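Heads up, this note's numbering is the position in the sequence shown plus 1, with the first residue counted as 1. All C-beta atoms, glycine included, are put in the ideal place defined by N, C-alpha and C. From a predicted model like this one, the values you see are computed outputs, not experimental measurements. Read the structure below first, then the notes.
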Amino acid sequence: MLQKFVDDSGKDWDRWLPFLLFAYREVPQASTGFSPFELLYGWDVQGPLDLLNSMWTSSKSKASEQGVVQFVLQMRDRLAQYQEEAAENLREAQEKQKRLYDRQARNRSFEPGQRVLLLLPSSNCKLLAKWQGPYVITRRMGPVTYEIHHPEKKKAKQTYHINLLKEWKDPAVPVPNAALLVQAVEKEEDLDVGLVAEVGNRPDLSHLTAELGTQLRQLFYDLPSLFSAKPGKTLLIEHTIRLKDSHPCRQRPYRIPQKLVEKLKVEIETMLQLGVIEPSNSEWCSPVVIV
2 MLQKFVDDSG KDWDRWLPFL LFAYREVPQA STGFSPFELL YGWDVQGPLD LLNSMWTSSK
62 SKASEQGVVQ FVLQMRDRLA QYQEEAAENL REAQEKQKRL YDRQARNRSF EPGQRVLLLL
122 PSSNCKLLAK WQGPYVITRR MGPVTYEIHH PEKKKAKQTY HINLLKEWKD PAVPVPNAAL
182 LVQAVEKEED LDVGLVAEVG NRPDLSHLTA ELGTQLRQLF YDLPSLFSAK PGKTLLIEHT
242 IRLKDSHPCR QRPYRIPQKL VEKLKVEIET MLQLGVIEPS NSEWCSPVVI V
């Protein structure tokens with residue numbers, strides 16, 4: 002709910018938090034059957050529309066129609082009744098949620114020394130969680146809790162629920178695709194296979210029919226340069242950058258997160274080797290933008 006509210010409100014989302022909290026506290030919850038405000042104070046919250054309706058109809062409060070002592074006693078009895086009903090509604094809601102959850106639940110267990118992935122909040126966005134790891138399980142703490150070795154944390158060993166764990170599977174070693182060439186030979190001197198283009202790993206084509214898969218594989222073989230992981234070059238189109246004047250434009254570099262520094266170095270070295278970029282001594286300077 003908070004994530005949806007932030008996305009819709011924009012940059013000034015913090016100014017609207019009191020209104021979000023007010024709306025949340027006046028709506029009855031599905032589990033208890035009562036709104037948080039009603040459970041705390043014993044009556045429905047008076048929103049802007051309620052106050053406007055009260056002003057138009059000139060309705061009087063219950064405390065003014067009866068004695069203060071009688072009103073307090075009735076309010077105490079009402080709060081006790083609300084508490085009992087809310088507890089019963091909450092118990093029924095929890096049992097229903099458990100039945101729905103158990104339909105797709107399955108027993109899982111891990112062993113000490115096994116590597117797993119952890120579902121943790123992202124360092125860039127605290128409202129976004131992603132699988133991180135792998136981490137090593139040191140021991141089992143309880144029926145559904147495990148102790149995980151967390152080397153980058155101040156406390157190296159931390160306990161997590163099994164719902165936050167997922168088995169780590171080592172990536173399979175890629176096997177290059179092989180091609181079988183068949184050629185009718187009448188004489189040995191007619192045998193001229195020539196150079197065979199290297200065909201790298203291809204995507205999974207199991208979703209295609211056998212005929213379409215064969216045609217696509219033949220296309221990969223006939224045009225290997227078009228389906229290569231190495232960036233190519235073209236002279237069919239050019240782009241001209243028009244500058245306002247000859248005065249060099251220099252911008253201060255953006256701060257790069259420490260965890261992305263090594264990845265950026267590897268990316269730059271790869272682009273240098275492929276010839277996509279080259280060293281420059283120009284006075285012009287533009288910061289690196291990591292996408």
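If you run the structure through DSSP and keep just helix, strand and coil, what is Ile257? Numbered from 1 along the sequence shown, position 256 holds the residue referred to as residue 257. If DSSP states are grouped into helix, strand and coil, Ile257 belongs with coil.
When you compare each of Lys12, Ile149, Leu18, Leu41 to Phe111 by their alpha carbons, which one comes out closest? Within the sequence shown, numbered from 1, the residue matching residue 111 stands at position 110. That would be Ile149, whose Cα lies nearest to the Cα of Phe111.
Can you have a look at Val262 and say buried or exposed, based on whether 16 or more other CB atoms are within 10 angstroms of its CB? Locating residue 262 in the sequence shown gives position 261, where the first residue counts as 1. By the 10 Å Cβ count, Val262 comes out exposed.
Could you tell me the alpha carbon to alpha carbon distance between Asp45 and Tyr102, rounded to whole angstroms? Taking the first residue of the sequence shown as position 1, residue 45 is located at position 44. Taking the first residue of the sequence shown as position 1, residue 102 is located at position 101. Distance between the alpha carbons of Asp45 and Tyr102: 33 Å.
Taking the beta carbon of Thr271 as the centre, do at least 16 other beta carbons fall within 10 Å, making it buried, or is it exposed? By one-based count along the sequence shown, residue 271 stands at place 270. The residue is exposed, with fewer than 16 neighbouring Cβ atoms inside 10 Å.
Can the beta-carbon of Trp169 be found less than 8 Å from the beta-carbon of Arg116? Working through the sequence shown from its first residue, we reach residue 169 at position 168. Working through the sequence shown from its first residue, we reach residue 116 at position 115. Contact flag set, yes.
What are the start and end residues of the beta strand (DSSP E) that includes Gln159? Reading the sequence shown from its first residue, position 158 is the one you call residue 159. That run of the beta strand (DSSP E) goes 158 to 162.
Going by CA-CA distance only, name the one from Asp13, Val289, Ile163, Arg16 that's closest to Ala106. The residue labelled residue 106 in the question sits at position 105 within the sequence shown. Nearest option by C-alpha distance: Ile163.
Just to confirm before moving on: does the CB-CB distance between Ile291 and Ile257 stay below 8 Å? Within the sequence shown, numbered from 1, the residue matching residue 291 stands at position 290. Within the sequence shown, numbered from 1, the residue matching residue 257 stands at position 256. It is a contact, given that the beta carbons lie within the stated cut-off.
Ordered along the chain, which non-local residues of its own chain (more than five positions away) have a Cβ less than 7 Å from that of Gly34? Against the sequence shown, residue 34 aligns to sequence position 33. Correct list, in chain order: Glu86, Ala87, Asn90.
Given this structure, state the Cα-to-Cα distance separating Pro225 from Ile242, to the nearest angstrom. Along the sequence shown, one-based indexing puts residue 225 at 224. Along the sequence shown, one-based indexing puts residue 242 at 241. If you take the alpha carbons of Pro225 and Ile242, they lie about 33 Å apart.
With which residues is Cys250 paired in a DSSP beta bridge? Position 249 of the sequence shown, counted from the first residue, corresponds to residue 250. BP columns for Cys250 are empty, so no partner.
Range covered by the alpha helix (DSSP H) that runs through Gln371: Here the chain comprises residues numbered 2 to 292, so residue 371 is not present and cannot be evaluated.
Leaving out the 5 sequence neighbours to the left and right, which residues in its chain are closer than 8 Å to Ser287 when beta-carbon positions are compared? The count along the sequence shown starts at 1 and reaches residue 287 at position 286. Contacts found: Cys250, Gln252.
Residue closest to Arg141, alpha-carbon to alpha-carbon, out of Glu239, Thr160, His151, Ser32: By 1-based counting over the sequence shown, the position of residue 141 is 140. Residue Thr160 is the option with its Cα nearest to Arg141.
Where Leu209 falls, given that 16 or more other Cβ within 10 Å makes a residue buried: Residue mapping note: residue 209 aligns to position 208 of the sequence shown, counting from 1. Exposed is the call here.
Could you tell me which residues DSSP pairs with Glu168 in its beta bridges? As a working note, residue 168 is residue 167 in the sequence shown. Val117.
Is any non-hydrogen atom of the ligand COA found closer than 7 Å to the C-beta of Glu153, if you look at the structure I gave you? Of the ligands one can find in the structure shown there are none, so the ligand COA has no counterpart to examine.
Put Val7 into one of helix, strand or coil per three-state DSSP. Numbered from 1 along the sequence shown, position 6 holds the residue referred to as residue 7. Of the three classes helix, strand and coil, the one that applies to Val7 here is helix, per DSSP.
Identify which residue in Leu41, Lys97, Gln98 has its Cα closest to the Cα of Met76. Taking the first residue of the sequence shown as position 1, residue 76 is located at position 75. Met76 has its Cα closest to that of Leu41, out of Leu41, Lys97, Gln98.
Pairwise C-alpha distance: Gly68 and Ser36: Taking the first residue of the sequence shown as position 1, residue 36 is located at position 35. Taking the first residue of the sequence shown as position 1, residue 68 is located at position 67. Taking the straight line joining both Cα atoms gives about 27 Å.
Glu148 - partner residues in DSSP beta bridges: For this step, residue 148 is matched to residue 147 along the sequence shown. Answer is Arg140, Thr160, bridged to Glu148.
Would you say Ile138 lies against chain C (beta-carbon separation less than 8 Å)? Absent from the structure: chain C. Only one protein chain is present.
Pick helix, strand or coil for Ala130, following the three-state DSSP scheme. What you label residue 130 is simply residue 129 of the sequence shown in a count that begins at 1. In the structure shown, Ala130 sits in a strand (DSSP, three-state: E or B).
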